[in-house]
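Numbering (this note's numbering), first residue to last: 525 to 897.
Heads up, the beta-carbon is just placed ideally off N, CA and C, and yes, glycines get one too.
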């Protein structure tokens, strides 16, 4: 009898279990919980990081203007020299003799011209003879001035202020007036130039944005530049853009930009590799979206889920311009007021219902904080 009751109980239990599973399957799935950020417009300071090298503000090569033997070197190699400071002394003996000879010729021709003046007044000589004597006196005076200049050139002077290089010659070396090799070079390092390169396509984009009114220059039209050194440290002084090359390098497709930086401690030396952060301008009414809210489809297209009516997720294609800290600058596809899902994105489907709350996974943008300062 007991076995018969068991035979009836087993099918009933199976039926009851199946009914429970059907009820569970029929119950609607709970919408996934997501976090969102409401987008807004703001003014954004845009900048570009460009590679560059330092270059001296002024460079002067020291060359002799007369020939002779170097008697003395009058500077310390690597020291700072001032404009007009004597650097070398060339043997002046032959040039002193030339000055003395020219002076004697001046005295002779001047006396002859004065004597001819009295004679021409008494008609003892012709006017032509007197004119020739005056011309000879003037020629002698010019020769004297040239001899004096050559004597002055035996003192080789610094043409500019700056730091001087090592000397290419020593005492006793013979130098000539037209030699191609410099005796030394002087670099003016304060201020100092930084030459950076920018792709021509980026330059065209910037000009187009300015013409459309999307971008305005900051700081009364001055383009500010910050500098990062080879070791990664930041240079403490800010520079300003001074010059843009008028041609594009056909090999690289880049344009050279030149900025000037104060360099009172001579920390920056010519030829150093640096990274320059160039301020492009201010974009008003910019829309930024957290990077957590952006994904890529199989084609590489940027997409974002936006909360629509009734808290339904809507998938949108987005045009992104650049990163700014931990956010993307949006070109198209999103606008102020859109609620972009940044938390729980992997659980969302296009058109699916969600339970939305303010996102907790979005941190303040450090780039915006530094721009505000």
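Hey, would you say residue 588 sits closer than 8 Å to residue 701, going by beta carbons?
-> Cβ atoms of residue 588 and residue 701: closer than 8 Å.
* Asked: What residue does the alpha helix (DSSP H) around residue 623 start on, and which one ends it?
  -> 617-645
(message) Here's the rule: buried if 16 or more other CB atoms are within 10 angstroms of the residue's CB, otherwise exposed. What is residue 698?
(response) exposed
Checking 8 Å against the spacing of the C-beta atoms, do residue 881 and residue 559 come in under that value? yes
Let me check one thing: in DSSP terms, what residues is residue 798 bridge-paired to? Answer is 576, bridged to residue 798.
Going by Cα to Cα distance, which pick from 780, 878, 679 and 792 is closest to residue 723? 780
- Per DSSP, what kind of secondary structure is residue 707 in: helix, strand or coil? Residue state, collapsed to three classes: coil.
- Message: For residue 729, report the span of its alpha helix (DSSP H) as first-last.
- Response: 724-735
- Query: By Cβ distance below 7 Å, which residues in the same chain neighbour residue 811 in space, the five residues on each side in sequence not counted?
  - Reply: 563, 565, 854, 858, 859 and 860
Can you give me the C-alpha to C-alpha distance between residue 624 and residue 647, rounded to a whole angstrom?
34 Å
Do residue 765 and residue 802 come within 8 Å of each other at the CB atom, strictly closer than that value?
-> yes
query: What is the rounded straight-line gap between the Cα of residue 611 and the Cα of residue 630?
result: 32 Å
Can you name, in chain order, every residue of its own chain whose Cβ lies under 7 Å from the Cβ of residue 598, other than the five neighbours on each side?
610, 611, 612 and 613
Name the two residues that bound the continuous beta strand (DSSP E) containing residue 681. 679-681
| task | Starting from the Cα of residue 760, find the closest Cα among 787, 776, 740 and 794 and give me that residue. | result | Closest by C-alpha distance to residue 760, out of 787, 776, 740 and 794, is 787.
**Request:** Keeping to the same chain, check which residues put their C-beta closer than 8 Å to that of residue 572; ignore five residues upstream and five downstream.
**Result:** Exclusion of the five residues before and after residue 572 leaves 722, 726, 801, 802 and 804 as the residues of its chain whose Cβ lies within less than 8 Å of its Cβ.
Close-in-space but distant-in-sequence residues of the same chain around residue 690 (CB under 8 Å, 5 per side omitted): 601, 602 and 708
Beta-carbon separation of residue 557 and residue 868 under 8 Å?
yes
- [ ] Please say whether residue 818 and residue 844 have beta carbons closer to each other than 8 Å?
- [x] In contact: residue 844 and residue 818 (Cβ atoms closer than 8 Å).
message = Check whether chain B comes within 8 Å of residue 596, counting only Cβ atoms and requiring the distance to be less than that.
response = Judged by its chain identifiers, the structure shown contains no chain B, having just a single protein chain.
Q.
Quick check: residue 633 and residue 661, are their CB atoms within less than 8 Å of each other?
A. Yes, Cβ-Cβ distance for residue 633 and residue 661 is below 8 Å.
Once DSSP output is grouped into helix, strand and coil, what is the label at residue 717? strand
- Query: Between residue 676 and residue 642, what straight-line distance do the alpha-carbon atoms span, to the nearest angstrom?
  - Reply: Residue 676 and residue 642 have their C-alpha atoms spaced approximately 37 Å apart.
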